[in-house]
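So the sequence shown is residues -40 to -1, 1 to 211, counted in mature numbering (1 follows the signal peptide of the UniProt record, and there is no 0). Using N, Cα and C, we set each Cβ at its ideal position, and we do this for glycine too.
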Amino acid sequence: MVLSVIPDIQYQVKEGSYFFVAWTLLLLVLKLFLWEKAAAIPECHTEDGGCWDPLVETFNSAIKRAESIHNLAEQMQQEFFHNEFSSRAFSALITQMNRRNITVLRARMYCHANGTNPPSHGIEQQNIKDKKYLKMLINYVGAWTSPLFHLTLELSAMPDAPVAILSKAKQIEEDNKELLDDLRWILNKAYPTAKIKEKFPSWDHLPHLKSNSKNNKFLAMFNLSYCLHLNIFYTENHLRTLKCRITGKDC
C-alpha cells in the first residue's frame, strides 16, 4: 500500500516542479516586456519639481538663446543707427536705398541664409519630416557662424568701435554657437542614427566687411543687422514648432 502511494507523490512533485518552472519563465518574460516598454519611454530624470526631460529642456535652452539673439540684434541695430560710430554711414545707406541704389537695395533685401530657411508655413511645412526639418534648421542657424565671427573680429580691430556695439556682437556670436550646439544635441538625442552634412552658405558681404574701406564695412554691417534680425525671428518660430512636433510639449 505504501509503495503504491510513492508514484503518486513523485508525480505530484514532478507536476509541481513543471508548474514552478513555467511560472518562473512567465515572470521572466513579463519582466523583459516591462524593461522593453520602459526603454521605449523618453528619458526622464526625477527632481523636486517632477519629471525633467533633457530633450524638452534643451529645446527650452535653444529657444531662450534665440530670444536673447533677437533682443540683442534689435539693440545692436539701434546702436548702429544712433551711435556716432556708424549713424552717419547708416543714414547715408538709407538715403541711397530710397533712391533705389541697386547695391544698397540688395544689401537690405537679400539675406545669404534665406536659401537654407526651412518652410515656415502652409502645406510644405506640415509635410516636411521632423528629422529633415531639424537638419535644415541646423544649417540655417549655422549660416551665421562665419558672419558673426568676422563681425566681432573686424569691430575689435576698429579703434573707434564702441563697447556698446562690440559687446552685443560678441554675445550674439556666443549665443549662436550655443544655439547650434543645442540643435546638434537635439538631433543626436531624437534621432541617434541620423547623419547630417553641415553645409553653411557663404556670406556675400564678407569681402566688404574685410575691406579697408569704412563705407564697405558699414555696408556689410547694414546687411548683417537687417538679415540677422529677420532670420532669428524665423528661427524662434521653427524652434517652437519643432519642440511641439518632437516632444509633444507646448503645442
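Inset, instruction - Indicate the three-state DSSP secondary structure (helix, strand or coil) for P122 in the structure shown. - result: The sequence position of residue 122 within the sequence shown is 162, counting from 1. P122 falls in the coil class under three-state DSSP.
Inset, instruction - From the DSSP output, in three-state form, read off D142 for me. - result: By 1-based counting over the sequence shown, the position of residue 142 is 182. Note: D142 maps to helix in three-state DSSP.
Legend entry - Proximity to T76 [Cα-Cα], best of I192, R200, G208 and L111: Position 116 of the sequence shown, counting from 1, holds the residue named residue 76. Nearest C-alpha to T76: I192.
Inset, instruction - Answer yes if the segment 149 to 159 comes into contact with the segment 104 to 120, meaning at least three C-beta pairs across the two stretches below 8 angstroms, and no otherwise. - result: no
Legend entry - Nearest residue (CA-CA) to K92, options A33, I62 and N148: Working through the sequence shown from its first residue, we reach residue 92 at position 132. Comparing Cα positions, the closest option is N148.
Legend entry - S106 versus L190 - alpha carbon distance: Position 146 of the sequence shown holds residue 106. Position 230 of the sequence shown holds residue 190. Taking the straight line from one Cα to the other gives about 17 angstroms.
Legend entry - Per-residue burial, V123 [other beta carbons within 10 Å of its own, 16 or more giving buried]: As a working note, residue 123 is residue 163 in the sequence shown. Exposed, since its Cβ has fewer than 16 Cβ neighbours within 10 Å.
Legend entry - Cβ shell of K209 (< 7 angstroms), same chain only, five flanking positions each side left out: Within the sequence shown, numbered from 1, the residue matching residue 209 stands at position 249. These residues qualify, in order along the chain: V16 and K203.
Inset, instruction - Take the Cβ of I23 as the centre, count every other Cβ of all protein chains shown within 10 Å, and call the residue buried at 16 or more, exposed below. - result: If you number the sequence shown from 1, residue 23 lands on position 63. Classification for I23: buried.
Legend entry - Cβ contact check for the segment 36 to 43 and the segment 59 to 75: 3 or more pairs under 8 angstroms: no
Legend entry - Contacting residues, own chain, Cβ-Cβ under 8 angstroms from A150 (five flanking each side not counted): To locate residue 150, count along the sequence shown from 1; it is residue 190. Short of 8 angstroms from the beta carbon of A150, and not among the five residues preceding or following it, lie these beta carbons of its own chain, in chain order: L15, D90, K91, L94 and I206.
Inset, instruction - Just mark N175 as buried or exposed, buried being the case when its beta carbon has 16 or more other beta carbons within 10 Å. - result: Working through the sequence shown from its first residue, we reach residue 175 at position 215. Classification for N175: exposed.
Inset, instruction - Out of S171, R48 and T195, point me to the one whose CA is closest to N136's CA. - result: Translated into the one-based positions of the sequence shown, residue 136 becomes position 176. The shortest Cα separation from N136 among S171, R48 and T195 belongs to T195.
Legend entry - Pairwise C-alpha distance: A52 and I88: Indexing the sequence shown from 1 puts residue 88 at position 128. Indexing the sequence shown from 1 puts residue 52 at position 92. Roughly 42 angstroms between the two C-alpha positions.
Inset, instruction - Would you mind stating whether I98 and R59 have Cβ atoms separated by less than 8 angstroms? - result: Within the sequence shown, numbered from 1, the residue matching residue 98 stands at position 138. Within the sequence shown, numbered from 1, the residue matching residue 59 stands at position 99. No.
Legend entry - Segment limits, alpha helix (DSSP H) that includes D90: As a first step, residue 90 must be located in the sequence shown, where it is residue number 130. Here the alpha helix (DSSP H) through D90 covers D90 to G102.
Legend entry - Sequence-distant residues of its chain with Cβ nearer than 8 angstroms to L199 (five each side left out): The residue given as residue 199 occupies position 239 in the sequence shown. Cβ neighbours of L199 beyond the five flanking positions: F19, A22, I23, A26 and L97.
Inset, instruction - Quick one: give me the first and last residue of the alpha helix (DSSP H) that P14 is part of. - result: By 1-based counting over the sequence shown, the position of residue 14 is 54. Where P14 is concerned, the enclosing alpha helix (DSSP H) stretches over P14 to H42.
Legend entry - Alpha-carbon to alpha-carbon, Q85 and W104: By one-based count along the sequence shown, residue 104 stands at place 144. By one-based count along the sequence shown, residue 85 stands at place 125. About 22 angstroms.
Legend entry - Residues near Y186 by beta carbon distance below 7 angstroms, same chain, minus five either side: Position 226 of the sequence shown, counting from 1, holds the residue named residue 186. Beyond the five residues adjoining it in sequence on each side, Y186 comes within less than 7 angstroms, by CB distance, of R68 in the same chain, given in chain order.
Legend entry - Own chain partners of I125 with C-beta closer than 8 angstroms, once the 5 adjacent residues on each side are dropped: Counting from 1 along the sequence shown, the entry for residue 125 is found at position 165. Same-chain partners within the cutoff: M36, E39, F40, N43, F45, S46 and L115.
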